[in-house]
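Residue numbers (my numbering): 497 to 670. Just so you know, even glycine gets a beta-carbon here, dropped at the ideal spot from N, CA and C.
Here is the structure:
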(Lines of atoms letter the chains of each structure in order from A and count residues from 1; the text may use other names and numbers.)
(Lines give C-alpha, C1' and ligand atoms only; values in the text may rest on other atoms or scores of the structure.)
Protein backbone atom coordinates (compact mmCIF):
# COMPACT_ATOMS: atom_id res chain seq x y z
CA UNK A 1 0.00 0.00 0.00
CA UNK A 2 1.38 3.36 -1.00
CA UNK A 3 0.70 6.41 1.19
CA UNK A 4 0.98 10.01 0.04
CA UNK A 5 -0.10 13.09 2.00
CA UNK A 6 -1.59 15.83 -0.17
CA UNK A 7 -2.75 19.04 1.53
CA UNK A 8 -3.27 17.22 4.82
CA UNK A 9 -5.18 14.32 3.25
CA UNK A 10 -3.62 10.85 3.37
CA UNK A 11 -4.10 9.09 0.04
CA UNK A 12 -3.78 5.31 0.39
CA UNK A 13 -3.28 3.47 -2.88
CA UNK A 14 -3.89 -0.23 -3.07
CA UNK A 15 -0.85 -1.20 -5.11
CA UNK A 16 -0.85 -4.86 -6.00
CA UNK A 17 -0.99 -5.13 -9.78
CA UNK A 18 -2.71 -6.09 -11.89
CA UNK A 19 -6.03 -5.94 -9.96
CA UNK A 20 -5.00 -4.99 -6.40
CA UNK A 21 -6.12 -8.37 -5.07
CA UNK A 22 -6.15 -8.67 -1.29
CA UNK A 23 -3.46 -10.88 0.20
CA UNK A 24 -2.08 -11.19 3.74
CA UNK A 25 0.58 -8.52 3.20
CA UNK A 26 -1.86 -5.94 1.80
CA UNK A 27 -4.56 -6.40 4.47
CA UNK A 28 -1.94 -6.38 7.26
CA UNK A 29 -0.45 -3.20 5.80
CA UNK A 30 -3.91 -1.61 5.66
CA UNK A 31 -4.55 -2.31 9.35
CA UNK A 32 -1.13 -0.99 10.39
CA UNK A 33 -1.29 2.09 8.14
CA UNK A 34 -4.77 3.15 9.22
CA UNK A 35 -3.76 2.60 12.84
CA UNK A 36 -1.07 5.26 12.68
CA UNK A 37 -2.76 7.89 10.47
CA UNK A 38 -4.69 10.94 11.59
CA UNK A 39 -7.03 13.17 9.63
CA UNK A 40 -8.91 12.58 6.40
CA UNK A 41 -8.13 9.57 4.20
CA UNK A 42 -8.79 8.74 0.57
CA UNK A 43 -8.48 5.10 -0.49
CA UNK A 44 -8.03 4.29 -4.17
CA UNK A 45 -6.44 1.67 -6.36
CA UNK A 46 -3.56 1.83 -8.78
CA UNK A 47 -4.11 1.03 -12.40
CA UNK A 48 -7.59 0.41 -13.78
CA UNK A 49 -8.98 -1.49 -10.79
CA UNK A 50 -9.86 -0.43 -7.25
CA UNK A 51 -9.65 -4.05 -6.02
CA UNK A 52 -10.89 -7.34 -7.39
CA UNK A 53 -11.16 -8.79 -3.89
CA UNK A 54 -9.31 -11.67 -2.29
CA UNK A 55 -6.31 -13.19 -4.05
CA UNK A 56 -7.73 -16.70 -4.18
CA UNK A 57 -4.49 -18.11 -5.58
CA UNK A 58 -2.50 -16.79 -2.60
CA UNK A 59 -5.04 -18.32 -0.21
CA UNK A 60 -5.03 -21.67 -2.05
CA UNK A 61 -1.24 -21.84 -2.27
CA UNK A 62 -0.49 -20.29 1.12
CA UNK A 63 -1.23 -23.32 3.24
CA UNK A 64 -3.24 -23.61 6.42
CA UNK A 65 -1.19 -21.17 8.52
CA UNK A 66 -1.37 -18.46 5.82
CA UNK A 67 -5.11 -18.97 5.35
CA UNK A 68 -5.85 -18.89 9.08
CA UNK A 69 -3.86 -15.67 9.49
CA UNK A 70 -5.46 -14.11 6.40
CA UNK A 71 -8.96 -14.93 7.63
CA UNK A 72 -8.14 -13.19 10.92
CA UNK A 73 -6.61 -10.07 9.40
CA UNK A 74 -8.93 -9.56 6.40
CA UNK A 75 -12.00 -8.63 8.51
CA UNK A 76 -9.73 -6.47 10.68
CA UNK A 77 -8.75 -4.52 7.55
CA UNK A 78 -12.41 -3.89 6.69
CA UNK A 79 -13.04 -2.75 10.27
CA UNK A 80 -9.92 -0.53 10.22
CA UNK A 81 -11.53 1.43 7.37
CA UNK A 82 -15.01 1.35 8.91
CA UNK A 83 -13.87 2.39 12.41
CA UNK A 84 -11.28 4.96 11.30
CA UNK A 85 -11.84 8.08 13.44
CA UNK A 86 -11.54 10.57 10.56
CA UNK A 87 -13.43 10.84 7.29
CA UNK A 88 -12.68 8.14 4.71
CA UNK A 89 -13.48 8.51 1.02
CA UNK A 90 -13.26 5.55 -1.35
CA UNK A 91 -12.23 6.93 -4.75
CA UNK A 92 -13.27 3.88 -6.75
CA UNK A 93 -11.14 4.11 -9.87
CA UNK A 94 -12.37 0.88 -11.48
CA UNK A 95 -13.78 -2.50 -10.55
CA UNK A 96 -14.51 -3.04 -6.84
CA UNK A 97 -15.50 -6.67 -6.56
CA UNK A 98 -16.08 -8.86 -3.49
CA UNK A 99 -13.55 -7.77 -0.84
CA UNK A 100 -12.83 -4.64 -2.89
CA UNK A 101 -16.51 -3.76 -2.67
CA UNK A 102 -16.42 -4.30 1.11
CA UNK A 103 -13.48 -1.90 1.46
CA UNK A 104 -15.46 0.68 -0.51
CA UNK A 105 -18.59 0.10 1.59
CA UNK A 106 -16.53 0.58 4.78
CA UNK A 107 -15.67 4.15 3.71
CA UNK A 108 -17.83 7.08 4.74
CA UNK A 109 -18.26 8.24 1.14
CA UNK A 110 -17.84 6.36 -2.13
CA UNK A 111 -17.13 8.08 -5.46
CA UNK A 112 -17.05 5.99 -8.62
CA UNK A 113 -16.63 6.95 -12.26
CA UNK A 114 -16.05 3.65 -14.04
CA UNK A 115 -16.05 -0.09 -13.50
CA UNK A 116 -18.22 -2.65 -11.77
CA UNK A 117 -18.98 -2.85 -8.08
CA UNK A 118 -20.60 -5.77 -6.31
CA UNK A 119 -20.49 -8.71 -3.96
CA UNK A 120 -19.80 -11.95 -5.80
CA UNK A 121 -18.84 -14.31 -2.99
CA UNK A 122 -22.05 -16.34 -3.12
CA UNK A 123 -21.72 -16.94 -6.86
CA UNK A 124 -18.36 -18.67 -6.36
CA UNK A 125 -19.25 -20.39 -3.08
CA UNK A 126 -17.06 -18.30 -0.76
CA UNK A 127 -18.47 -17.74 2.75
CA UNK A 128 -19.29 -14.11 3.50
CA UNK A 129 -17.51 -12.91 6.69
CA UNK A 130 -19.78 -11.48 9.40
CA UNK A 131 -17.82 -8.20 9.63
CA UNK A 132 -18.12 -7.69 5.87
CA UNK A 133 -21.84 -8.43 5.93
CA UNK A 134 -22.48 -5.93 8.73
CA UNK A 135 -20.40 -3.22 7.03
CA UNK A 136 -22.34 -3.70 3.79
CA UNK A 137 -25.64 -3.77 5.66
CA UNK A 138 -24.73 -0.47 7.31
CA UNK A 139 -23.78 1.12 3.97
CA UNK A 140 -26.52 -0.33 1.76
CA UNK A 141 -29.30 -1.35 4.13
CA UNK A 142 -30.84 -4.79 4.46
CA UNK A 143 -32.49 -4.74 1.04
CA UNK A 144 -29.31 -3.70 -0.75
CA UNK A 145 -27.29 -6.43 0.95
CA UNK A 146 -29.95 -9.06 0.30
CA UNK A 147 -29.97 -8.12 -3.38
CA UNK A 148 -26.20 -7.95 -3.82
CA UNK A 149 -25.23 -10.96 -1.72
CA UNK A 150 -28.25 -13.11 -2.51
CA UNK A 151 -27.99 -12.64 -6.26
CA UNK A 152 -24.28 -11.86 -6.43
CA UNK A 153 -25.38 -8.67 -8.19
CA UNK A 154 -22.87 -6.27 -9.67
CA UNK A 155 -23.39 -2.79 -11.04
CA UNK A 156 -21.59 -0.97 -13.80
CA UNK A 157 -20.92 2.71 -13.21
CA UNK A 158 -21.98 3.62 -16.73
CA UNK A 159 -25.35 1.84 -16.40
CA UNK A 160 -26.59 3.09 -13.05
CA UNK A 161 -27.85 6.56 -12.41
CA UNK A 162 -26.28 8.50 -9.57
CA UNK A 163 -29.72 8.94 -8.01
CA UNK A 164 -30.35 5.19 -7.82
CA UNK A 165 -26.96 4.32 -6.36
CA UNK A 166 -27.13 7.18 -3.85
CA UNK A 167 -30.47 5.86 -2.67
CA UNK A 168 -29.03 2.35 -2.39
CA UNK A 169 -25.93 3.64 -0.61
CA UNK A 170 -23.51 2.09 -3.07
CA UNK A 171 -21.68 5.04 -4.61
CA UNK A 172 -21.98 8.55 -5.88
CA UNK A 173 -21.17 8.56 -9.55
CA UNK A 174 -19.14 11.38 -11.01
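Beta-carbon contacts of residue 540 that lie in its chain and below 8 angstroms, excluding the five residues immediately before and after: Position 44 of the chain shown, counting from 1, holds the residue named residue 540. Only 507, 508, 509, 510, 546, 586, 587, 588 and 589 meet the Cβ criterion.
Boundaries of the beta strand (DSSP E) in which residue 558 is found, first to last residue: On the chain shown, residue 558 is found 62 positions in, with the first residue counted as 1. Element bounds for residue 558: not the beta strand (DSSP E) but the alpha helix (DSSP H), 552 to 578.
Selection from 636, 531 and 521 that minimises the alpha carbon distance to residue 600: Working through the chain shown from its first residue, we reach residue 600 at position 104. When only C-alpha atoms are compared, the closest one is 636.
Proximity winner among 500, 604 and 570, relative to residue 624 (alpha-carbon distances): As a position in the chain shown, residue 624 is number 128, starting the count at 1. Cα-wise, what sits closest to residue 624 is 570.
First through last residue of the beta strand (DSSP E) which encompasses residue 529: To locate residue 529, count along the chain shown from 1; it is residue 33. Taken as a continuous stretch (DSSP letters only), residue 529 belongs to no beta strand (DSSP E), being part of the alpha helix (DSSP H) at 520 to 532.
Simplified DSSP assignment, three categories, for residue 541: Here residue 541 is taken as the residue at index 45 of the chain shown, counted from 1. Residue state, collapsed to three classes: strand.
Cβ neighbour criterion (16 or more within 10 Å) applied to residue 593: The sequence position of residue 593 within the chain shown is 97, counting from 1. It is buried - the Cβ of residue 593 has at least 16 other Cβ atoms within 10 Å.
Bounding residues of the alpha helix (DSSP H) (the contiguous stretch that carries residue 601): For the purposes of this step, residue 601 is taken as residue 105 along the chain shown, with counting starting at 1. 595 to 602 is the span of the alpha helix (DSSP H), which, as asked, contains residue 601.
Nearest-angstrom Cβ-Cβ length linking residue 525 and residue 497, presumed shorter than 8 angstroms: Translated into the one-based positions of the chain shown, residue 525 becomes position 29. Translated into the one-based positions of the chain shown, residue 497 becomes position 1. Yes, they are in contact, since the Cβ atoms of residue 525 and residue 497 sit about 5 angstroms apart, within 8 angstroms.
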